[in-house]
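Numbering (full-length UniProt numbering), first residue to last: 1 to 316.
Using N, Cα and C, we set each Cβ at its ideal position, and we do this for glycine too.
Fair warning: this is a prediction, and the values are worked out from it, not measured in the lab.
The block underneath contains the structure these notes are about, expressed in structure tokens.
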């Protein structure tokens, strides 16, 4: 009986060892897969994979631009009121992403998206922290990029009543350009970019206070100019609503000055001059503090870089 119990214990121990070995082998595979995707210079295979991913990222962006050109260069479609009378025209509709778009563009996009789906699944399965992976903004953008082409292919050939939905799909496709940020993995982060990141983090409170001041100025000067202009020149005012007044305040405070919306009344023009002056002062005053902080971080980083590059002379 004791001999039988001992054999059972040995079998259980062997099974546990086998499970442990398989689990460690799986972890090793996951580590290698993650290194190939996340560290492009870790091996020759990782370099080749990074080059392939870069080609697909550039290709999907080129396809998006080509689709946008195709959507805007088609002639209008005339919808017939009476099919038996070709001269009877009910209305004119512009082409969208439905019938006229060449189907091969969708097929090429589908080919790229299939690669991105495989890449996303491999990166997800090999990542040790799935929650952190799914919370990354770039990974969320990669996930959302997988759906537009499937939805459009399912709607392809349907009536143009879905045309407005396809415009939203094209809007979602702008997330393709976030894939170009992965090019930064292939190059060392520039020194200036790192220093700028450190400076922005150090001045986060000051930047937040500056944005709050700008928000106050937008609301205050926009509302003030809107009501003054409506009261004095109600028939000729450029402000259709208070939202357009806020847009004018943003353009004026940032000294862009598009000129699409301007105050008409004399008091409104005086308010506009004060708005532009306040915008200049709001932007100019914090710049010296930002430059001083940036210079301090730049000098400290340069000292660290010089220490890294210094070679210790060997004793003679």
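Check for me: the alpha helix (DSSP H) holding residue i runs from which residue to which?
i           : result
residue 300 : 287-309
residue 268 : 266-284
residue 150 : 148-155
residue 107 : 103-126
residue 263 : No alpha helix (DSSP H) holds residue 263; DSSP gives it neither H nor E.
residue 225 : 204-232
residue 179 : Note, residue 179: premise wrong, no alpha helix (DSSP H); not H, not E.
residue 254 : No alpha helix (DSSP H) contains residue 254, which DSSP labels as neither H nor E.
residue 139 : 137-144
Does the Cβ of residue i lie closer than 6 Å to at least one heavy atom of the ligand ATP?
i           : result
residue 128 : By its list of ligands, the structure shown contains no ligand whatsoever, and the ligand ATP lies outside what it can speak to.
For residue i, count neighbouring C-beta atoms within 10 Å of its own C-beta (all shown protein chains included) and say buried if the count is 16 or more, exposed if not.
i           : result
residue 337 : Here the chain covers residues 1 to 316 and nothing more, so residue 337 does not appear.
residue 176 : buried
residue 209 : exposed
residue 112 : buried
residue 236 : exposed
residue 306 : exposed
residue 226 : buried
residue 260 : exposed
residue 67  : buried
residue 57  : buried
residue 287 : exposed
residue 256 : exposed
residue 280 : exposed
residue 302 : exposed
residue 104 : exposed
residue 31  : exposed
residue 197 : exposed
residue 193 : exposed
residue 132 : exposed
residue 60  : buried
residue 239 : buried
residue 166 : buried
residue 83  : Note on residue 83: pLDDT 49, under 50, position unreliable in the model; the coordinate value appears next. Residue 83 is exposed by the Cβ-count criterion.
For residue i, tell me which candidate among the options has the shortest Cα-Cα distance.
i           : options           : result
residue 173 : 141, 259, 230     : 141
residue 203 : 109, 33, 133, 293 : 293
residue 33  : 57, 124, 106      : 124
residue 47  : 236, 238, 186     : 186
residue 115 : 154, 164, 52, 171 : 52
residue 263 : 249, 192, 278, 59 : 249
residue 127 : 29, 218, 191, 109 : 29
residue 168 : 183, 191, 152     : 152
residue 213 : 130, 285, 227     : 285
residue 183 : 31, 55, 24, 42    : 55
residue 274 : 201, 254, 290, 65 : 254
residue 231 : 136, 201, 265     : 265
residue 276 : 290, 291, 252     : 252
residue 171 : 64, 282, 290, 308 : 64
residue 218 : 164, 150, 24, 282 : 282
So that I know if they touch, is there some Cβ in chain D lying closer than 7 Å to that of residue i?
i           : result
residue 247 : The chain inventory of the structure shown lacks chain D, comprising one protein chain alone.
For this session: Check whether the stretch 240-250 touches the stretch 220-228, taking contact to mean three or more Cβ pairs, one atom from each stretch, closer than 8 Å.
Result: yes
Problem set entry | Given 8 Å, three or more beta-carbon pairs between the stretch 295-311 and the stretch 269-287 | no
Problem set entry | Given 8 Å, three or more beta-carbon pairs between the stretch 31-43 and the stretch 107-126 | yes
Exercise. Should the stretch 176-185 be regarded as contacting the stretch 136-154, the criterion being three or more beta carbon pairs within less than 8 Å?
Worked result: yes
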